[in-house]
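Residue numbering for the sequence shown follows this note's numbering, beginning at 6 and increasing consecutively.
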Amino acid sequence: MARHGSSFDSEKFEAEDSKRINAEFEGPSTGPEPSRTQGEINEHLVRDTSLDDLVGIESIRSSLQELIVYPVRFADIYASLGTEPSTGVILHGVPGSGKTTIARAVAGTLQVPFFHVPAPEIIFGIAGESEAFIRKVFAKAMEVAPSIVFIDDIDIIASKSDHAQGDINRRIVSQLVSCLDDIHTLWRTRRLVVQVIAATSRLESLDSTLRRTGRFDREIALRIPTRECRETILRRLARHAKVTDDVDYKEIAMRTPGYVCSDLLGLMKEATVAAIRRMHKHNELPHGESSPTISDESSTPSCSLEKADFFAAMERIQPSALREGFTIAPNVTWSDIGALHDTKKELFLSIVLPIRYPSLYKHYGIHQSMGVLLHGPPGCGKTLLAKAVANEAGANFISIKGPEILNKYVGESEKSIRTLFSRARASAPCVLFFDELDALAPSRGSSSANSSSERVVNQLLTEMDGMDERDITGVYVVAATNRPDLIDPALKRPGRLDKCLMISLPSAQQRCEIMQTISRKLPLADDINLQRLADDNRLDGFSGADLASLFREAGLVAVQNELSLDLSTYDERIHEHIAKENNLSASIDVCLAVKERKIADAHMEVAISKIHRSVASDATGSETQ
Numbered sequence: 006m007a008r009h010g011s012s013f014d015s016e017k018f019e020a021e022d023s024k025r026i027n028a029e030f031e032g033p034s035t036g037p038e039p040s041r042t043q044g045e046i047n048e049h050l051v052r053d054t055s056l057d058d059l060v061g062i063e064s065i066r067s068s069l070q071e072l073i074v075y076p077v078r079f080a081d082i083y084a085s086l087g088t089e090p091s092t093g094v095i096l097h098g099v100p101g102s103g104k105t106t107i108a109r110a111v112a113g114t115l116q117v118p119f120f121h122v123p124a125p126e127i128i129f130g131i132a133g134e135s136e137a138f139i140r141k142v143f144a145k146a147m148e149v150a151p152s153i154v155f156i157d158d159i160d161i162i163a164s165k166s167d168h169a170q171g172d173i174n175r176r177i178v179s180q181l182v183s184c185l186d187d188i189h190t191l192w193r194t195r196r197l198v199v200q201v202i203a204a205t206s207r208l209e210s211l212d213s214t215l216r217r218t219g220r221f222d223r224e225i226a227l228r229i230p231t232r233e234c235r236e237t238i239l240r241r242l243a244r245h246a247k248v249t250d251d252v253d254y255k256e257i258a259m260r261t262p263g264y265v266c267s268d269l270l271g272l273m274k275e276a277t278v279a280a281i282r283r284m285h286k287h288n289e290l291p292h293g294e295s296s297p298t299i300s301d302e303s304s305t306p307s308c309s310l311e312k313a314d315f316f317a318a319m320e321r322i323q324p325s326a327l328r329e330g331f332t333i334a335p336n337v338t339w340s341d342i343g344a345l346h347d348t349k350k351e352l353f354l355s356i357v358l359p360i361r362y363p364s365l366y367k368h369y370g371i372h373q374s375m376g377v378l379l380h381g382p383p384g385c386g387k388t389l390l391a392k393a394v395a396n397e398a399g400a401n402f403i404s405i406k407g408p409e410i411l412n413k414y415v416g417e418s419e420k421s422i423r424t425l426f427s428r429a430r431a432s433a434p435c436v437l438f439f440d441e442l443d444a445l446a447p448s449r450g451s452s453s454a455n456s457s458s459e460r461v462v463n464q465l466l467t468e469m470d471g472m473d474e475r476d477i478t479g480v481y482v483v484a485a486t487n488r489p490d491l492i493d494p495a496l497k498r499p500g501r502l503d504k505c506l507m508i509s510l511p512s513a514q515q516r517c518e519i520m521q522t523i524s525r526k527l528p529l530a531d532d533i534n535l536q537r538l539a540d541d542n543r544l545d546g547f548s549g550a551d552l553a554s555l556f557r558e559a560g561l562v563a564v565q566n567e568l569s570l571d572l573s574t575y576d577e578r579i580h581e582h583i584a585k586e587n588n589l590s591a592s593i594d595v596c597l598a599v600k601e602r603k604i605a606d607a608h609m610e611v612a613i614s615k616i617h618r619s620v621a622s623d624a625t626g627s628e629t630q
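As structure tokens, this is what we get:
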């Protein structure tokens, strides 16, 4: 292919070449759906994917087999036993978790007609047409039974009555109920099965009429992938890609909490774009008026994905879980927290080990997850501990402050609690962290409590009692408060927040450990003695947050000293630079480049005179005993 000296169109190359490379990430194609207009039935066979092709669904694979595959494949056994199989299943999870892909894979496994019905296409402008279309789809599905009907985003057309968008939702729900009853009649008369799969990311908003026995009575939660699942999915997505030896899928999985399947696919695509961008920046791409084509393989530049490409992609891809209200735990580890060794040990035994070794805990009769209440003065690391324990356990993390749940409308606060626990169960193993619990659950009957807060406490108790039946690898509740005496006593009973851990103000030795942790990445001068600082009685009563503020202030003092220096003390080279550039910022950069910059003991002394303890001595009282 001819190469010319004209400018290279990088955007055109990125668009075309990334499309070629990204096609390799998609894996087995489910086949394009035929184009159609609204009102046409989308019926086709899925021939090139099945459940065996999917990874990361090990926790629900058996449920999919038993609830959807077996009734179709072994219908004669159900008939001989006189049992009617379940025909309605709801797949629910955050957007991008793979609901549509799984439904198509089930159809590919069974090799039966697949009817894909996106919910928005059911809504017509003329009264009665929506119901007529639903009848038409189900009639066709029953005609070619066994078959599968897949209703995507069913919450759009079948929301609860208090969320309904006019009369059309109620009519559609009534028609769906009627069609589901017709499917049962088909089984009783002809022993033929039509499986109906519905998908939603808002299970709590569905009309309860559809969730009764005989309709959509079985529900399968698509949880947010664990660290191990993310690693498996990444390896599958990249199996046809060219990657360098420095790419560590385990590390990438650790750095992508909250990512679902579509996010990981987007990560691979964005990493490809980053690789092309990198090659273009270093002039490793061809320059010319036209870009290399797929058929011209000899002129196509060799491109491999590097570790840096994945890290660059992470900055651009926002996890779906974050958009759905989850909180992504920062990369906080035990080593980021100074002192608190006994507390770390208790959290390790109560949360980290049960998630890592569930069979060991079950062997000793520990079947349910445990709740932990962290209490102590402000700034002592309670929130940081909760983040670290989730990261160490490889669990998902949901953080909520007590006041964020409270709502002035009756019933909305309790609904928020239910939704919160539902999300946590869907993303298990999960650490559910309540900050400022005393604002959310004050003691019932106290002067600070009212009817609204009492209902919230009752809902919390209901949800936490329901976790007794959950697997030990499920949901772990961690709460933090500065005032444990204000929390309703019922929350601290066994089976709820039964482990209370006191986080006291640090001692002199603990202050030294905390300062070592805070300063390990800071440029400290040789004249700073951390043990001497920790023993200084001026720091008595300082919390971990106060110590962090102390070093931050010392850094500001150092910066101020640097910028206030008389530039005339530097050599002529700097003066010439100032005269030539007439740029103070550039001059400062040159000055700093010729001088070693560190935080000195003098800076710390100034900081100590400015920073005072944030916890009053009378506020710790019994807590520091």
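Where a beta carbon is used, it is the ideal one built from N, C-alpha and C, also for glycine.
Cβ neighbour criterion (16 or more within 10 Å) applied to residue i
i	result
Lys-413	exposed
Leu-437	buried
Val-337	buried
His-97	buried
Pro-33	Note that Pro-33 scores a pLDDT of 40, beneath 50, so its modelled location is shaky; the value from the coordinates is reported in the next line. By the neighbour-count rule (16 or more Cβ atoms within 10 Å), Pro-33 is not buried but exposed.
Ser-340	exposed
Ser-512	exposed
Thr-88	exposed
Ala-621	exposed
Glu-261	It is worth fixing the name first, because residue 261 is Thr in this sequence and not Glu. When all chains shown are included, Thr-261 counts as buried.
Arg-543	exposed
Pro-76	buried
Arg-516	buried
Ala-612	buried
Ile-371	exposed
Leu-390	buried
Arg-109	buried
Start-to-end residues for the beta strand (DSSP E) that takes in residue i
i	result
Thr-486	480 to 486
Cys-505	504 to 507
Leu-379	377 to 380
Ile-156	152 to 157
His-661	Any property of residue 661 remains undetermined from this structure, which presents the chain solely from 6 to 630.
Cys-435	435 to 440
His-97	93 to 97
Ile-405	401 to 406
For residue i, the three-state DSSP class (helix, strand or coil)
i	result
Gln-200	strand
Ile-128	coil
Arg-223	strand
Asp-493	coil
Ile-62	coil
Thr-218	coil
Cys-385	coil
Ser-573	Since pLDDT at Ser-573 reaches only 46, below the 50 mark, its modelled position is unreliable, and no value is offered.
Pro-324	coil
Pro-262	coil
Asn-174	helix
Ile-162	coil
Glu-45	coil
Leu-191	helix
Glu-397	helix
Whole-angstrom C-beta distance between residue j and residue i, which should lie under 8 Å
i	j	result
Ser-448	Pro-494	7 Å
Val-225	Ile-342	The sequence as given places Ile at residue 225; Val does not occur at that position. About 38 Å separates the two Cβ atoms, so there is no contact after all.
Phe-221	Gly-93	4 Å
Glu-558	Lys-497	Actually they are not in contact, since the Cβ atoms of Glu-558 and Lys-497 sit about 38 Å apart, beyond 8 Å.
Asn-487	Pro-408	No, Asn-487 and Pro-408 are not in contact; Cβ-Cβ is about 14 Å, not under 8 Å.
Leu-197	Ala-150	4 Å
Ile-139	Ile-177	7 Å
Arg-428	Gly-546	The pair is not a contact, with the Cβ atoms about 39 Å apart (cut-off 8 Å).
Cys-266	Gly-61	7 Å
Boundaries of the alpha helix (DSSP H) in which residue i is found, first to last residue
i	result
Phe-315	312 to 319
Phe-556	549 to 568
(message) Would the region 230 to 246 count as touching the region 116 to 125 if we require 3 or more Cβ pairs under 8 Å?
(response) no
(message) Is it the case that the region 521 to 535 contacts the region 602 to 611, given that we only count it when at least three CB pairs across the two stretches are under 8 Å?
(response) yes
(message) When you compare the region 104 to 121 with the region 144 to 161, are there three or more beta-carbon pairs, one atom per stretch, that lie closer than 8 Å?
(response) yes
(message) Taking contact to mean 3 or more Cβ pairs, one atom from each stretch, closer than 8 Å, check whether the region 492 to 509 and the region 395 to 413 are in contact.
(response) no
(request) Decide yes or no for the touch test of the region 309 to 316 against the region 238 to 258: beta carbon pairs closer than 8 Å, at least 3 of them. (result) yes
(message) Check whether the region 236 to 245 and the region 278 to 289 touch, using three or more Cβ-Cβ pairs below 8 Å as the test.
(response) no
(request) Please confirm if the region 134 to 151 is in contact with the region 253 to 264, defined as three or more CB-CB distances below 8 Å between the two stretches. (result) no
(message) With three or more beta-carbon pairs closer than 8 Å as the criterion, would you say the region 102 to 115 touches the region 198 to 205?
(response) yes
(message) Under 8 Å: do the region 377 to 396 and the region 479 to 491 share three or more Cβ pairs, one atom per stretch?
(response) yes
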